[in-house]
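Everything below concerns the one structure shown next.
Residue numbers (the numbering used here): 667 to 1057.
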């Protein structure tokens, strides 16, 4: 039986039990609680016995009670004993109960059907989602009750699933393209080498093969880093994030100088978080590499700051560079995604840096967000829970 039928059956059973109890209470109460004192009524028609002709000393004899006519209306039923009262109460109560039950069951049927309508919509949306259609939404209307909340939660789940599946599809396509390009280059070089090139051409092909092989190795290592960040167990050791940032900035100072980018660091003391120092160092290095790579040549600026509040430690990396559309900002954290087309880019990166940053932040119970600067460039913000042992 459907939930609608079970709900209606339960409502009908409860209503019938209450109605029967009501009739029993009324009947028992009317029969046994009051004390009734009925006497037979004497009716003397005026046309038969005028009041002036009756002897004053002669007592009136009881007469049989019959139909009484008055005002043009025949009273076919009269109550002259306790049995008549009990029968009337029982009859009227039963009729009232039948009327109330009919109206109550009809109202209950319509009301339960209306209340359970979102369940039918949820079932249809779930069936379509099982067939691969994640674009269907319930969009339930009505009061904010439990069923409305369930429908809204289901819509939110479908939205997240749709985004997740779309991201995985883009990941598969981008990863395939990222790995296919160097493999195609390697195949072309091997085909040229098979045609018996000269020693000079062979030297050039060897250099090309080495460069292509190194790029494949870097992509595979980045994928391994991403997988390690996604499944890294939480390390409860305290780590001074300000110290890590200063050391990472010192490691990238040479790269910034060669690129003509001015690197500044602003930290607060004792910014301790709980986590893995190696992964957190990789997070900061990836942030710096992204900020230095996507910047204004010979005139760029990268500002790295570490601040803390009552509950979190915040790392912000702000860089100059080209303007980034708001629709593109969130996708920068997708694996292999590039703000610029692969055809027009210099292929200096592999599009996994910020994906690794978000995975490391998530494994440390933190968040990673990005905001496009109005004048160009990005501001990347990492928030990590503050160490409970810190100041």
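No residue lacks a Cβ here, since even glycine has one placed at the ideal position from N, Cα and C.
Looking at the backbone, the Cα of residue 913 and that of residue 919 are separated by about 10 Å. Counting along the chain, residue 933 sits inside the beta strand (DSSP E) bounded by residues 927-933. In this structure residue 855 is in contact with residue 871, their Cβ atoms being roughly 5 Å apart against a cut-off of 8 Å. DSSP links residue 1052 through a beta bridge to 939. If you draw a straight line from the Cα of residue 833 to the Cα of residue 1000, it is about 7 Å long. For residue 969, DSSP records a beta bridge to 930 and 984.
At least 7 Å separates the beta-carbon of residue 923 from that of residue 958. Assignment of beta-bridge partners to residue 1044 by DSSP yields 985 and 1038. Each residue's CA atom was taken as its position, placing residue 985 and residue 939 some 25 Å apart. Under the DSSP definition of a beta bridge, residue 906 partners with 938. The shortest C-alpha to C-alpha distance from residue 761 to any of 967, 866 and 688 is the one to 688. Residues 1023, 1024, 1027 and 1048 of the same chain have their beta carbon placed closer than 6 Å to that of residue 1034, with the five preceding and five following residues left out of the count. Ranking 781, 773, 978 and 766 by CA distance to the CA of residue 809 puts 781 first. Assigned with DSSP and collapsed to three states, residue 886 falls in helix.
Residue pairing for residue 766: DSSP places it in no beta bridge. Less than 7 Å divides the Cβ of residue 987 from the Cβ of residue 961. Distances from the alpha-carbon of residue 972 to those of 847, 911 and 1036 put 911 closest. In the structure shown, residue 819 adopts helical secondary structure according to DSSP, grouped into three states. In this structure, residue 941 and residue 981 do not form a Cβ contact; the two beta carbons are roughly 12 Å apart against a cut-off of 8 Å.
Restricting attention to 1051, 1038 and 747, the CA atom closest to the CA of residue 978 is found in 1051. According to the DSSP assignment, residue 787 belongs to the alpha helix (DSSP H) that extends over 783-796. Under the DSSP assignment, residue 1029 falls in the alpha helix (DSSP H) whose first and last residues are 1019-1029. In the assembly as shown, residue 1029 is a buried residue. Its beta-carbon has 16 or more other beta-carbons within 10 Å. Assignment of residue 977 by DSSP, reduced to helix, strand and coil, places it in the coil class. Rounded to the nearest angstrom, the gap between the Cα atoms of residue 916 and residue 967 is 15 Å.
Residue 948 and residue 995 have their C-alpha atoms spaced approximately 21 Å apart.
When the alpha-carbon of residue 934 is set against those of 928, 975 and 902, the nearest one is in 975. Shown here, residue 801 sits in coil according to DSSP, grouped into three states, outside any helix or strand.
Of all alpha-carbon atoms in 835, 772 and 752, the one lying nearest the alpha-carbon of residue 691 is that of 752. Residue 777 and residue 800 have their C-alpha atoms roughly 30 Å apart. Going by beta carbons, residue 804 and residue 793 fall outside the 7 Å limit. When the Cα atoms are used, residue 952 and residue 860 turn out to be separated by approximately 40 Å. Take residue 875, set aside five residues on each side of it, and the residues of its chain with a beta-carbon closer than 7 Å to its own are 852 and 855, in chain order.
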